[in-house]
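Asks:
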Amino acid sequence: MMTVLITSLVLFIATSLDDLVFLLLFLGQAVGLKERKAILLGHLMAICLLLVISMFGAYFASRILEDWVIGLLGFIPILLAIKAMRKEDDPHQKEIPTFGATRLSLTVAMVLLASGSDNVGMYIPYFATLSLQELFVVIPIFILMVFLFFFIAHQIARISTIKLVLIRFSQILVPLVFFILGGSVIAKMGTLSKIMHLFSQ
0 MMTVLITSLV LFIATSLDDL VFLLLFLGQA VGLKERKAIL LGHLMAICLL
50 LVISMFGAYF ASRILEDWVI GLLGFIPILL AIKAMRKEDD PHQKEIPTFG
100 ATRLSLTVAM VLLASGSDNV GMYIPYFATL SLQELFVVIP IFILMVFLFF
150 FIAHQIARIS TIKLVLIRFS QILVPLVFFI LGGSVIAKMG TLSKIMHLFS
200 Q
């Protein structure tokens, strides 16, 4: 269970660094407690929807496919890691749409859903390897991490130099963690050994 806890924390952090950048930008423009609450609500809406989609995907995958086939999903994080390594992010290109105060939560949710669409490709293969009991541990961790990320973003939203460091750091950390997660899924589901066995016949 400790392994599940640590993996879940690392996975959330790795897949949410881009979200942290957007949160910094939103909070940098927020005026008052009402808007900050709206930003937090939007973040919660986005992560909950991503989790629901991922759990449905993992549920059907784990019941229709054999373990080693599910392990093929581990190649998705690896491909995303390669994509992240090739992507040249410019901090000045991190733009957010214009929004009104009454629609702030929905705006934040839509932006974070768009930036987190790749997260589904990370969550499904990981969730497919978990038991129901483990899922009941992972989901609350993800929700709590939303509040932690919001708190961190709120504390540093006015420090421009930290924003730049965060963007540069994510370019190194995200691909590395994606590679590790993809490899662990493939290894856990016995995919490589099955493929080698098929080719050796």
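Count the sequence shown with numbering that gives the first Met the number 0 and you get residues 0 to 200, in order. The beta-carbon is built from N, C-alpha and C at its ideal position, and this holds for glycine as well.
Roughly how far, in whole angstroms, is the beta-carbon of proline 174 from the beta-carbon of glycine 120, given that I think they are within contact range, below 8 Å?
Replies: In fact, because the Cβ distance is near 14 Å, the residues do not count as touching under 8 Å.
Asks: Roughly how many angstroms lie between the CA atoms of isoleucine 95 and isoleucine 194, to the nearest whole one?
Replies: Note that isoleucine 95 scores a pLDDT of 47, beneath 50, so its modelled location is shaky; the value from the coordinates is reported in the next line. The alpha-carbon atoms of isoleucine 95 and isoleucine 194 are separated by roughly 44 Å.
Asks: Consult DSSP for valine 269 and reduce its assignment to one of helix, strand or coil.
Replies: Because the chain is modelled from 0 through 200, residue 269 falls outside the range shown and cannot be assessed.
Asks: Would you mind working out which of Leu4, Gln200, Phe198 and Gly189 sits nearest proline 68, comparing C-alpha positions?
Replies: It is valine, not proline, that sits at residue 68 in the sequence shown. When only C-alpha atoms are compared, the closest one is Gly189.
Asks: Among the candidates Ser104, Val145 and Gly181, whose CA atom is the shortest distance from the CA of lysine 33?
Replies: Looking at the Cα atoms, Ser104 is the closest of the given residues.
Asks: Can you list, in chain order, the residues of its chain with a C-beta nearer than 6 Å to that of leucine 22? Leave out the 5 residues immediately preceding and following it.
Replies: Excluding positions up to five away in sequence, the list reads Ala152.
Asks: Terminal residues of the continuous alpha helix (DSSP H) containing threonine 128?
Replies: Premise fails: threonine 128 is in no alpha helix (DSSP H) and is neither H nor E.
Asks: Roughly how many whole angstroms lie between the Cα atoms of alanine 57 and isoleucine 158?
Replies: Taking the straight line joining both Cα atoms gives about 39 Å.
Asks: Relative to the alpha-carbon of proline 124, which residue among Phe148, Gln132 and Gly181 has its alpha-carbon at the smallest distance?
Replies: Answer by Cα proximity: Gly181.
Asks: Restricting to Cα atoms, I'd like to know which of Met84, Thr106, Phe177 and Val184 is closest to alanine 29.
Replies: Residue Thr106 is the option with its Cα nearest to alanine 29.
Asks: Quick test of your reading: alanine 127 and alanine 45, contact by CB under 8 Å. State the CB separation rounded to the nearest angstrom.
Replies: Wrong, their Cβ atoms sit about 22 Å apart, outside the cutoff.
Asks: Taking the straight line between their C-alpha atoms, what separation do you get for leucine 10 and glutamate 133?
Replies: Computed Cα separation, rounded: 15 Å.
Asks: Short of 7 Å in beta carbon distance, which residues of its chain neighbour alanine 156, apart from the five on each side in sequence? Order them along the chain.
Replies: Only Leu23, Leu26 and Gly27 meet the Cβ criterion.
Asks: In angstroms with no decimal places, state the Cα-to-Cα distance between leucine 71 and phenylalanine 55.
Replies: Each residue's alpha carbon lies about 18 Å from the other.
Asks: What do you reckon, are the CB atoms on leucine 111 and glycine 41 nearer than 8 Å?
Replies: A contact, by the Cβ cut-off of 8 Å.
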